[in-house]
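No gaps in the numbering here: position 115 of the sequence shown is 118 in the numbering used here, and each next residue is one more. In this text, a Cβ means the ideal position worked out from N, Cα and C, and glycines have one as well. Note that the structure is predicted; figures quoted are calculated from it, not measured. Report on the structure given below.
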Amino acid sequence: MNFYEHTIIARQDISPAQLKQVEDKYKKIIESNEGNLLKTEKWGLMNLSYLIKKNKKGNYIHFKIEGSGKTILELEKNEKIDKNLLRFLTIKVKKVDLETNYFEKNNEDKDLKGAKEQLNEK
Numbered sequence: 004m005n006f007y008e009h010t011i012i013a014r015q016d017i018s019p020a021q022l023k024q025v026e027d028k029y030k031k032i033i034e035s036n037e038g039n040l041l042k043t044e045k046w047g048l049m050n051l052s053y054l055i056k057k058n059k060k061g062n063y064i065h066f067k068i069e070g071s072g073k074t075i076l077e078l079e080k081n082e083k084i085d086k087n088l089l090r091f092l093t094i095k096v097k098k099v100d101l102e103t104n105y106f107e108k109n110n111e112d113k114d115l116k117g118a119k120e121q122l123n124e125k
């Protein structure tokens, strides 16, 4: 079995319920094709570098998967015809980092913001 990191970008105008359906749909596809979903990260609504299908923003969902090439082929086949998705990307990795959440707000950001506000008040 190989390790993969797979990111999908859904349209900006879909509802949270539809976004959950998209996420669940691809989780089921992974699991039904002999894959193991190790971790799912919801990165949220972020700006795109350029317009994609007239969208300035996209909802990002990142999957960390253990599976075979067959799993990825089936996943990408379904994503190509999904009208709710703008883009998808799969990367094969040697080792999966399950500890780090790169897009999670941490306390350091809040502390820095609070310190800046205190300086501005003075």
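Original post:
Quick one: what's got a C-beta closer than 7 Å to Y63's C-beta in the same chain, skipping five residues either side?
Top reply: T10, I12, W46, G47 and M49
(message) How far does the alpha helix (DSSP H) with I64 in it extend, from its first residue to its last?
(response) Note, I64: premise wrong, no alpha helix (DSSP H); beta strand (DSSP E) at N58 to G70.
message: So if DSSP puts F91 in a beta bridge, which residue, or which two residues, is it bridged to?
response: I11
* Give the single residue among E34, E44, N5 and F6 whose Cα lies nearest to the Cα of K23. => E44
### Message
Can you give me the C-alpha to C-alpha distance between K73 and K56, rounded to a whole angstrom?
### Response
29 Å
Ordered along the chain, which non-local residues of its own chain (more than five positions away) have a Cβ less than 8 Å from that of G61? I12, A13, R14, Q15, L48, M49, L51, I55, L89 and R90
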